[in-house]
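Following the working numbering, the numbering of the sequence shown begins with 28 at its first residue and continues without gaps.
Positions of the beta carbon are idealized from the N, C-alpha and C atoms, including for glycine.
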Amino acid sequence: MSYEKLLDEQKIIKKLLENPESDYDWRVRPRGRIDSTDDDDPEPVIITVNMYLRSISKVDDVNMEYSLHFTFREEWVDERLYFNSPTLKHIVLSPGQKIWVPDTFFQNEKDGKKHDIDTPNVLVRVHNGTGKILYSVRLTLTLSCPMRVVQLCVSAVQKTWDVTLVNGKGGDLWLDGVKLAGAA
28 MSYEKLLDEQ KIIKKLLENP ESDYDWRVRP RGRIDSTDDD DPEPVIITVN MYLRSISKVD
88 DVNMEYSLHF TFREEWVDER LYFNSPTLKH IVLSPGQKIW VPDTFFQNEK DGKKHDIDTP
148 NVLVRVHNGT GKILYSVRLT LTLSCPMRVV QLCVSAVQKT WDVTLVNGKG GDLWLDGVKL
208 AGAA
């Protein structure tokens, strides 16, 4: 990235997140779809989720659990982070820069780890002209699996993903299709 683009990116980030005149509050969820005009009854935030499976390890049929290493990605639109730049396709936020993120969890999780060796393994990208956010994080989870784990295969693993959103009131957030890709 050229020095000029880096300066542009820093200016945009400062304007969106650090400007006292900005109305951005990371604790408040986005309104939903950009074309939603009714502030009293906003559209739900649609969150697209996909996972890239890197490895399956520690298959334990006695305790009925297995461990997975994967990249977990969520995408949604936050119109408060909309920007228009003739030079940048997107901006990348550092993990310390707070934005609203869905409170997603795995219901059958027994243990979990977010990777942070050398630096946190998190990518937060805001796309130019749309306010679309890509949040990507590398995770290792141990999940319960109420089945015969000895017969484990990717199709069985896909059926045992149990991803849920913590949601204050019904209809605020929609989880749109969990897609699994990666190691077989």
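Per DSSP, the unbroken beta strand (DSSP E) holding I160 starts and ends at 159–171.
Membership of T146 in any beta strand (DSSP E) is not indicated, and neither H nor E is assigned to it by DSSP. The stretch 90–110 makes contact with the stretch 119–129, as at least three CB pairs between them are under 8 Å. By the Cβ criterion, the stretch 86–98 is in contact with the stretch 150–168, since at least three pairs of Cβ atoms, one from each stretch, lie closer than 8 Å.
Scanning R58, D138, I118 for the CA closest to the CA of V151 turns up I118. With respect to the 8 Å criterion, G139 and N111 are not classified as neighbours on the basis of their beta carbons. Excluding five sequence positions before and after Y109, the CB atoms of its chain that fall closer than 6 Å to its own CB belong to G158, given in chain order. Sorting L120, W53, T131 by C-alpha distance to the C-alpha of V76 places T131 at the top.
Per DSSP, E106 is not a residue of any beta strand (DSSP E), being assigned neither H nor E. With a beta-carbon spacing of about 28 Å, P113 and V149 fall beyond the 8 Å limit used to define contacts. Looking at the DSSP output, R152 sits in a beta bridge with V119, L161. Taking all protein chains in view, the Cβ of I160 is crowded by 16 or more other Cβ atoms within 10 Å, so the residue is classified as buried.
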